[in-house]
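Protein chains in written order, with the UniProt record's numbering: chain A, 1 to 607; chain B, 1 to 607.
Down below is the structure, laid out as structure tokens.
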């Protein structure tokens, strides 16, 4: 590398350090030292290797840069300043109320694909973006800046496994091995070989460098760009707080503004106004999705079909109608029935194996490029990806999750396989939608509704067959509900969803025969919830009985109570409160006291 | 190995297969083929290498065997039958209502340490049991039977990293590489080298064998027992469904009873009555815990102290009083304040680095041996371990979790670091306890209460300083609450916990000055909740306002509504409903509409 370039890069890196120190100093908090260790790495990447169109963040040819170590946000924002897309004034708004420059990056900035800050997530999401690049046959590269501490997260190795085995050569992990975590030394310190051996074992090309030597960095980034059939991990030995004696390579300097920022800026040679001319990508043709008319599967009323089966068939129909629909599986496609899609559209079906964190992260990465991902596994095992679902909410990512084998109704397999906490989990995610159909036609309709929803949406399906009660083609808007039984004399209203709808209907019929008329509402949309219908029912009958195949905390019952709480009806919640064992599905519903008998008894007790 | 032994082992393995087939046939479901692949491995382990005292499952010298591939439960139960601890009749009760032989193993059987069935969990839990063995200086070994599909789970590599770096030579992973997952071939098929390279890179001793050759199995298990300073991974090439043509090494035969079990039993040579004389362990002295009088830290009323600080000090005090208390950290001990304990009791402090799944799994493993683990990280990052917490509930494991940096009150760091879903998550776990203190003395008292709680308990702490409002030494029983403001003329009651208690008190004072007397309840126990106090407040004032620094779904507000739902008061919930950005703590509380101003306004609006 010519001396002139080396000088430029040294000046640029110094400026990035200065600006990181200044931004954190102005905020009085933040992570300047974690930014300073990676400044040289990012200076060389931005100035020499990144292909990015800042004028059009959606340019399909642009590279993607993900700060998996999101706490190094001062560095990212300093890069944006050097690239000329934010002002120095905005840089100094870091961490202030209303600023786009949050403590950790979020997509409030148009050049940030996804929110990071929960460590170990940027690389798995990067895998998803790299998968999209391959699917679209686009030439972009995905660069992920990782910390060394986050290498302890299992999700990093789920990502390493997927990218390594799939040979995602368009993906590069740049690991900032600065030796110091938040509370002290990392497990491997400066042993970059330890990381290289691990990535190497997972099939990656690896290269170990001095992360403060622009020549070595440039060589490594070139090497990554030229490596075929394998992703590359650059293991860069760096010093945390590099360039400022007060903090350089010292413990106890994590996550704090520097004590004497003025002195630090001087030590770094003062403020500069170095600009980066980021290379624009060469133009690339965007991928064209095919679209056709939609023909959802239809089922005859009275037929018995599992909602998971209808999900699989409907997803395949949706895939035929919309070329932007992709499906991801956690190695249970034969159970969730995603295989119906997978057989028809193998190129848009991704087997993620039993790695639920990477499953959800890949969905997040794919939607960065506009794909409509549906990711499915057992509802119980989606809990494995809870933090990824939470962060998808922070990322405003539009992903669709499908959890099968909901509730005790799965029967003999026992509690480890029962999704009993999933409604509570997804309801509490920012901006989420939670749907829980009771029959096959409703499932198909709701699955299609999900395609254009924003944010995290979730569909809960049932293992066993349930009778079809709705005609094909009926519409079920998100946020709606269906009144299935209603007379003017109703003395209570049973609110159910999924498998308990059928129990509620049976209980209502039995109660009617006993001279006790009750209403039944199918609350297929758990969030948003049909507050108007619930308020109406609460006002009319004054008594609500909710019944759900889910733990009593955080599910349908709580959603109903929330909707009617300011009105004050009496609400009785039937839900799973004990620990199930093995038993047949009907025995399970009975033991959990959520079957027709328990519902009828609860109504009688209440009245 | 002498021919006689080989013959015995072959007969034993055949019997295990036969019994696995029979149990699944009787149940009409289950995983016989996944049992058959591992039958030789387990036959040799049980007959030649396991040291176990079936008469006293708590014998400290006994080895521990964990079926990480929990779906191979028919094999485990067949082993128990061969060991003479369950009858053939009980074996055939597999998966029936009321049977101890559930679809996946749970500790309802006294020889099962933990529930498995969610893949990728047995090995991390085994790491915890191995840590306990080292801590207690006991000679036992931990044997974990893993499936090959579950190698895709990141948690396996968190476990590999911890065990490898800590050199847990008492731990052996036996990987049943039968090539076939649930839906088809695994990623690596029979490439045992792929697994060996990965485990090797993480510092394990590895050995690749034919998993149907008793001599090779015996050699490998001996090798594992004799390996020093490193855990051992035995990568055993096997055939799923081994021994029965109908299913052997065939796709589509996962998780089903055999079509023709009678023929299969004949093909396997018919039923046998082979017994295993499992070796008893040599006697070992149990570890003696020291116990002293407890002196919890005390704080002066009016002082401002973060509850996380009080947690750290109280944990250290508890550690001084009780030798059975251990602490685990997710590399944030300086933030959670677990470091206060860590500095005083380094031998009982475990740095798990940023690997929250292994953090919780290690706690589960340690409690198997009677330790009282406290595992702490940011509340937000406990979501990473949701599935492990869920399974700890199924395991009836007594573990204590502490989540710091709860809510928007953390301020500038932004949403990725805010625990806003944790109450919903832990409330929905079977048998859980959820505590949320508002001041330092209360934190200390609750932390001590947790030591003897059964099941999963959770303490939520706050980053910033809050005023001490309780005298030192006051008691706060689990399931209780505190009435902080109450007059006979109260027109509403504000129910709060943690940081919002102080906002509620300020709002109540302001409202009183405006001539609106309101009560305030500190609901420090979110689960179990003090239903009596809430019902009393609801009956007296008819109006409840709940306020919490958590998402509106599944937290304190829902717990309150649940307690009073059959009574029908009006309840207004104040909670986080939007996506926060960066801002100061007070700005965050204000923006989320959960501060004193918002509370006072809500009361006025309600009345």
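We put the CB at the ideal spot given by N, CA and C, even for glycine.
- In this chain, the beta strand (DSSP E) harbouring residue 551 of chain A covers 543-551.
- The criterion of a C-beta distance shorter than 8 Å is not satisfied by residue 50 of chain A and residue 190 of chain A.
- Chain-ordered listing is empty here: chain A has no CB closer than 7 Å to the CB of residue 529 of chain B, the nearest sitting near 10 Å.
- When Cβ-Cβ separations below 8 Å define contact, residue 408 of chain A makes no contact with chain B.
- At a cut-off of 8 Å between C-beta atoms, residue 287 of chain B does not count as an interface residue with respect to chain A.
- Scanning A:76, A:57, A:68 and A:484 for the CA closest to the CA of residue 43 of chain A turns up A:76.
- Contacts with chain B at 8 Å (Cβ-Cβ) do not include residue 204 of chain A.
- Between residue 383 of chain B and chain A, the shortest Cβ-Cβ separation is below 8 Å.
- A residue is called buried when at least 16 other Cβ atoms come within 10 angstroms of its Cβ; residue 294 of chain A does not meet this threshold and is exposed.
- Annotation: the continuous alpha helix (DSSP H) that includes residue 606 of chain B extends over 596-606.
- For residue 27 of chain A, the nearest beta carbon of chain B is closer than 8 Å to its own beta carbon.
- At a cut-off of 4 residues, the continuous stretches assigned as alpha helix (DSSP H) that sit fully inside the segment 396-432 of chain A are 422-427.
- In the displayed model, residue 350 of chain B falls within a strand according to three-state DSSP.
- Taking C-alpha positions only, residue 604 of chain A is separated from residue 560 of chain A by approximately 20 Å.
- Excluding five sequence positions before and after residue 412 of chain B, the CB atoms of its chain that fall closer than 8 Å to its own CB belong to 582, 583 and 584, given in chain order.
- Here residue 459 of chain B is bridged, per DSSP, to B:402 and B:435.
- Contacts with chain A at 8 Å (Cβ-Cβ) include residue 353 of chain B.
- Of the residues assessed, residue 47 of chain B falls on the buried side of the cut-off, its CB having 16 or more other CB atoms within 10 angstroms.
- Within the model, the alpha-carbon separation for residue 214 of chain A versus residue 243 of chain A is close to 15 Å.
- In the displayed model, residue 235 of chain A falls within a strand according to three-state DSSP.
- The segment 501-518 of chain A and the segment 399-419 of chain A do not touch, with fewer than three beta-carbon pairs separated by less than 8 Å.
- Shown in chain order are the members of the segment 137-153 of chain B whose Cβ falls below 7 Å from a Cβ of chain A: 149, 150, 152 and 153.
- Between residue 593 of chain B and residue 331 of chain A, the gap from beta carbon to beta carbon reaches 8 Å or more.
- Considering only A:337, A:204 and A:24, the residue with the shortest C-alpha distance to residue 96 of chain A is A:24.
- Per the DSSP secondary-structure output, residue 570 of chain A pairs in a beta bridge with A:543.
- The straight-line gap separating the alpha-carbon atoms of residue 333 of chain B and residue 440 of chain A is approximately 50 Å.
- Taking a beta-carbon distance threshold of 8 Å, residue 428 of chain A counts as an interface residue toward chain B.
- Here residue 271 of chain B is exposed: its Cβ has fewer than 16 other Cβ atoms, across all protein chains shown, within 10 Å.
- Each residue's CA atom was taken as its position, placing residue 381 of chain A and residue 335 of chain A some 13 Å apart.
- With fewer than 16 other beta carbons inside 10 angstroms of its own, residue 137 of chain B counts as exposed.
- When the beta-carbon positions are compared, residue 128 of chain A and residue 361 of chain A come within less than 8 Å of each other.
- Of the residues B:488, B:27, B:497 and B:491, the one whose Cα lies closest to the Cα of residue 255 of chain B is B:27.
- Residue burial is scored here from C-beta neighbours: residue 161 of chain A has at least 16 other C-beta atoms within 10 angstroms and is therefore classed as buried.
- Taking 8 Å as the cut-off, the beta carbon of residue 574 of chain B is found no closer than this to the beta carbon of residue 597 of chain B.
- According to the DSSP assignment, residue 81 of chain B belongs to no beta strand (DSSP E) but to the alpha helix (DSSP H) extending over 73-82.
- Residue 291 of chain A is bridged by DSSP to A:322.
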